[in-house]
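Here the structure comes first, spelled out in structure tokens, and everything after it is commentary.
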Amino acid sequence: MLNLLIEEYREQNRGIQIIKLENKYQMCTNKDYAEYIKKIIEPKKKKSLSQATLETLTIIAYKQPITKVEIEDIRGVKCDKVLQTLFENELIREAGRLNKIGKPIIYKTTDEFLKLLNIESLEELPPIENYQEVATNE
């Protein structure tokens, strides 16, 4: 009976197979599907974001669409590496180009950004004035 089941699983190329280990049998994943299953069960490694990256992401979230030059004017420092990190983490995207000299890229946040904050839309972001009050009271 067990041999029939083993053969049936093999013939139908199922995701589960039955293997014999010494005097025992074990159900396990079919090795043909190992890579797919690994992608499902391995947690995605989440990198923590630096203070500079979080500041830049906040600027983009509240000022979008925004160019790199505008971000750098607000922060007072270059932001190439920070933007690259945000792209790699799929938190920002290119949203087109400004119709100005040089046609600079404009940036916006992504759906991944919304998921990260557990919000459905940018309207759910806290009002920026709340942060300005905190900053002036410190």
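By the count of our numbering, the sequence shown reaches residue 138 at its end, each step adding exactly one.
Backbone N, C-alpha and C define an ideal beta-carbon position, used for all residues, glycine too.
query: With which residues is Gln26 paired in a DSSP beta bridge?
result: Residue 26 sits at position 26 when you count from the first residue of the sequence shown. For Gln26, the beta-bridge partners assigned by DSSP are Ile19.
query: When the Cα atoms are used, what is the spatial distance from Ile105 to Leu98?
result: The sequence position of residue 105 within the sequence shown is 105, counting from 1. The sequence position of residue 98 within the sequence shown is 98, counting from 1. Across the structure, Ile105 and Leu98 are spaced so that their CA atoms are roughly 6 Å apart.
query: Using a beta-carbon distance below 9 Å, is Asp73 in contact with chain B?
result: Going by chain labels, chain B is absent from the structure shown, which holds only one protein chain.
field: Short Cβ contact (9 Å threshold) for Tyr25 with Ile16
entry: Working through the sequence shown from its first residue, we reach residue 25 at position 25. Working through the sequence shown from its first residue, we reach residue 16 at position 16. Taking 9 Å as the Cβ cut-off, Tyr25 and Ile16 do not qualify as a contacting pair.
task: Have a look at Cys28 and Glu88 and give me their C-alpha separation to the nearest angstrom.
output: The residue labelled residue 28 in the question sits at position 28 within the sequence shown. The residue labelled residue 88 in the question sits at position 88 within the sequence shown. So the two alpha carbons sit approximately 35 Å from each other.
task: Could you pull the start and end residues of the alpha helix (DSSP H) that Ile92 belongs to?
output: By 1-based counting over the sequence shown, the position of residue 92 is 92. Run containing Ile92: none in the alpha helix (DSSP H); it sits in the beta strand (DSSP E), Ile92 to Arg97.
- request: Just mark Ile92 as buried or exposed, buried being the case when its beta carbon has 16 or more other beta carbons within 10 Å.
  value: Taking the sequence shown and counting its residues from 1, one reaches residue 92 at position 92. With 16 or more other Cβ atoms within 10 Å, it is buried.
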